[in-house]
Amino acid sequence: MESSPGQGRSSVAASLASVLSLIAALSCCLSLGTLLMAAGAVSASVVSESLRPWLIGFSLTCLAFAFVQTYLRDRCEFRHRRLRTVLLWFSAAMITAMLAAPNQFASVIAGRLPSFTATGHLIPFDTASFERDFNAEAQQHRLIVLLSPT
Amino acid sequence: MLNQNPRQDLRVFVVWEPVISTDWGKPSPTLPGLVPDPRVRHYYDPDRKLSARFGGVARLPSLAAQSELAFKMKDVIWDAALLYPPAATLDAQATLLLAPVMKFQTRLADTLGANRRN
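First to last, the sequence lines map onto chains A and B.
So the mapping is simple: our numbering equals the position in the first sequence, first residue as 1, plus 8.
So the mapping is simple: our numbering equals the position in the second sequence, first residue as 1, plus 17.
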């Protein structure tokens with residue numbers, strides 16, 4: 009049985025939507041987030057904090073929908089659904105990677121491959137040590153920046 | 018922003034803390050690479066102790082002489098930059114508080130540039 013073109017398009021759209029929504033969920037380090045911030049319409053922090061769980065949920069829903077469309081409702085020949093299948097599994101792999109290791113994935117997407125050892129290293133935070141480090145630089149201007157890793 | 022301000026009398030303390038849902042787990046060792054500058058020291062604060070040390074969100078308005086806050090923080094101080102002049106301790110009021118950082122990066126860069134000229 010041949011699937012309708014609309015059905016094929018919907019599973020492709022669902023795969024793409026799942027990836028895009030998850031990328032948006034991790035947008036702090038991505039150009040999408042930068043674009044949002046550049047637009048100045050909304051605070052990126054507000055977007056990332058309040059919308060993120062919804063975007064992740066939306067991406068998983070879209071992915072589930074794409075799987076149903078591809079494997080349960082579609083019995084067309086494989087060559088007809090090759091693009092859709094490749095896209096679907098690519099989306100599934102991306103989403104799994106993003107959810108399983110969001111910090112590493114964000115670093116990679118931001119252009120920092122794990123093989124690059126970045127300048128500096130992460131110091132485990134201890135209030136007393138931090139205060140000492142801060143006061144030790146008392147002759148300088150000091151900037152403290154509090155950030156979320158993703 | 019730091020690239021545009023090569024001043025050497027500046028030290029930056031970047032404190033990474035888990036805030037949003039995707040922040041779970043151990044941070045990537047490449048995290049410091051997101052702010053690659055020799056003047057920067059990177060800390061990982063899983064228990065969000067610095068925010069607590071500042072007195073939490075409730076004390077936010079009193080942390081700096083001037084502040085621009087463009088989003089409402091819930092239970093932790095984050096996505097924020099505090100600028101301290103020389104000789105100020107951590108208990109002293111910062112001269113400037115900006116949040117979120119990306120939104121006010123131009124303002125921050127201008128302030129750092131102005132401080133340098135003075």
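All C-beta atoms, glycine included, are put in the ideal place defined by N, C-alpha and C.
In the DSSP assignment, A104(B) falls outside any beta strand (DSSP E) and carries neither an H nor an E. Listed in chain order, the beta strand (DSSP E) runs fully inside the stretch 58-126 of chain B are 81-86, 97-101, 111-116, counting runs of at least 3 residues. At least one C-beta of chain B is nearer than 8 Å to the C-beta of T158(A). For I64(A), the enclosing alpha helix (DSSP H) stretches over residues 60-75. Under the criterion of beta carbons closer than 8 Å, W95(B) and S156(A) qualify as touching, at roughly 6 Å.
In the DSSP assignment, V52(B) falls outside any beta strand (DSSP E), carrying neither H nor E.
For the pair A98(B) and N22(B), the CB atoms are not nearer than the 8 Å cut-off.
Proximity to Q148(A) across P117(B), A131(B), A104(B) peaks at A104(B), based on C-alpha coordinates. The Cβ-Cβ distance between L154(A) and V32(B) falls below 8 Å.
Chain-ordered, the chain B residues with CB closer than 7 Å to the CB of F142(A) read F30, L107. Listed along chain A, the residues sitting closer than 8 Å to V118(B) by beta-carbon distance are V153, L155. A straight-line Cα-Cα distance of about 43 Å links L63(A) and A144(A).
For L130(A), the nearest CB of chain B lies under 8 Å from its own CB, placing it at the interface with that chain. DSSP, reduced to helix, strand and coil, places W33(B) within a strand of the structure shown. Only R60, P61, I64 from the stretch 59-81 of chain A bring a Cβ to less than 9 Å from some Cβ of chain B. The stretch 38-52 of chain B makes no contact with the stretch 67-84 of chain B; the number of CB pairs closer than 8 Å stays below 3.
Within chain B, the C-beta atoms nearer than 8 Å to that of A146(A) come from P103, A104, A105, T106, in chain order.
In this structure, the alpha-carbon of H59(B) lies about 42 Å from that of F75(A). Look at the stretch 32-43 of chain B: the residues with a C-beta under 9 Å from a C-beta of chain A are V32, W33, E34, P35, V36, I37, S38, T39, D40, W41, G42, K43. Comparing alpha carbon positions, the residue from L19(B), M18(B), V36(B), L113(B) closest to K91(B) is V36(B).
For T135(A), the C-beta contacts it makes with chain B under 8 Å involve K66, L67, R70, in order along the chain. Around the beta carbon of S67(A), a 10 Å sphere encloses 16 or more other beta carbons of the protein chains shown; the residue is thus reported as buried.
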